[in-house]
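Visitor:
Numbering (the numbering used here), first residue to last: 503 to 885.
1. Mapping the DSSP letters down to three states, classify residue 474 as helix, strand or coil.
2. Counting C-beta neighbours from all protein chains within 10 Å, is the total for residue 496 16 or more, i.e. buried, or is it exposed?
3. Curious, which full-length alpha helix (DSSP H) runs of at least 4 residues does the region 779-842 contain?
4. Going by DSSP in three states, residue 677 sits in which element: helix, strand or coil?
5. Got a sec, what are the start and stop residues for the alpha helix (DSSP H) residue 579 sits in?
6. Just mark residue 549 as buried or exposed, buried being the case when its beta carbon has 16 or more other beta carbons within 10 Å.
7. Once DSSP output is grouped into helix, strand and coil, what is the label at residue 764?
8. With H, G and I counted as helix, E and B as strand and the rest as coil, what does DSSP make of residue 548?
9. Under the three-state reduction of DSSP, which class applies to residue 637: helix, strand or coil?
10. Return yes when the Cβ of residue 514 is within less than 9 Å of the Cβ of residue 521, no when it is not.
11. Rounded to whole angstroms, what's the CA-CA distance from residue 643 to residue 786? Just pull it up for me.
12. What's the gap between the Cα of residue 865 and the Cα of residue 729?
13. Between the C-alpha atoms of residue 801 and residue 702, what's the straight-line distance to the nearest angstrom?
14. Is the beta carbon of residue 829 less than 9 Å from the beta carbon of residue 820?
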């Protein structure tokens, strides 16, 4: 424990298991939104470029537009759902997370500026796509920013598990201007997030095409090719997941397999990736016979896969820190139940508000489609 700063004198005001549960729940929601953003950017950019190369007459351009127009809203959920798990992580692992954040402080702070620029780019791309103008170069820049932000986050969340590297990191750059290097787990974890994003976004796009797109040709394309992308990248995700596990320290790998909870979570996680590949592939094949139920099932399986990965990731974090004498379960706890109850009420209210926002957005989109359809019918009747 010599590497860790002294613990704060104020004890934790709620049971460790409660903070753990809230961390896992909010992080799984955040990761789902992150997957949709990264994968949506890739699909919207690739389809937009391919459609322009075909002169814009192909279904690719309107399909890409359907994806790009939703990215600003997805970005809002990425940011808002990202705050709670970061706060819960600071409560439980503050000694490690604060230290690693300071060690890459300049780059860590720069994430805020990168997010602001990315948000602006997404709105610009959405506006240009609605106007029928070229936007792919904007989303391409956005992808570069997302890749950089993801690399900073992966570095920080990995560096917090390596107190043995902290002193050398500080000697290298007291200003925090360098990312961690030499850790064999960084690139596998970064690659996993990217590939998992393509899987999740493909399935989400398929569901969108089946349920939320008025143009049948565009909806069919999104459903078929989105599900196919989800299936293909789910297949690719399996070896990437194996790569992530293989780069963990031998002690962590052994402890992970020896834990009933984390061992079961690892099995479920890998099995769900395989199941998503089969269900999404079958949904792509069956799309012409009305396969929205299959895409909905695939979407649910994707979220469960994300949640199981979050649990495995939590096990890797705890077991990695245990090697250096840090056990989150040994933290001093002095529950203040009035504060806990108040927080849970506010937290539940926040989840209800998020659900209401999603419902309102979907309803507004449905009304917009109905209005557009009515105008089109009036125009045809007048003609």
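Cβ atoms here follow ideal geometry from the backbone N, Cα and C, with glycine treated the same way. Keep in mind that this is a model prediction, so the values were computed, not measured.
Guide: Taking the structure as given:
1. This structure does not reach residue 474, given that the chain is present from 503 up to 885, and the question cannot be answered.
2. Within the shown structure, residues of the chain are numbered from 503 to 885, placing residue 496 beyond reach of any answer.
3. 794-824
4. coil
5. 573-605
6. buried
7. helix
8. helix
9. coil
10. yes
11. 30 Å
12. 24 Å
13. 8 Å
14. yes
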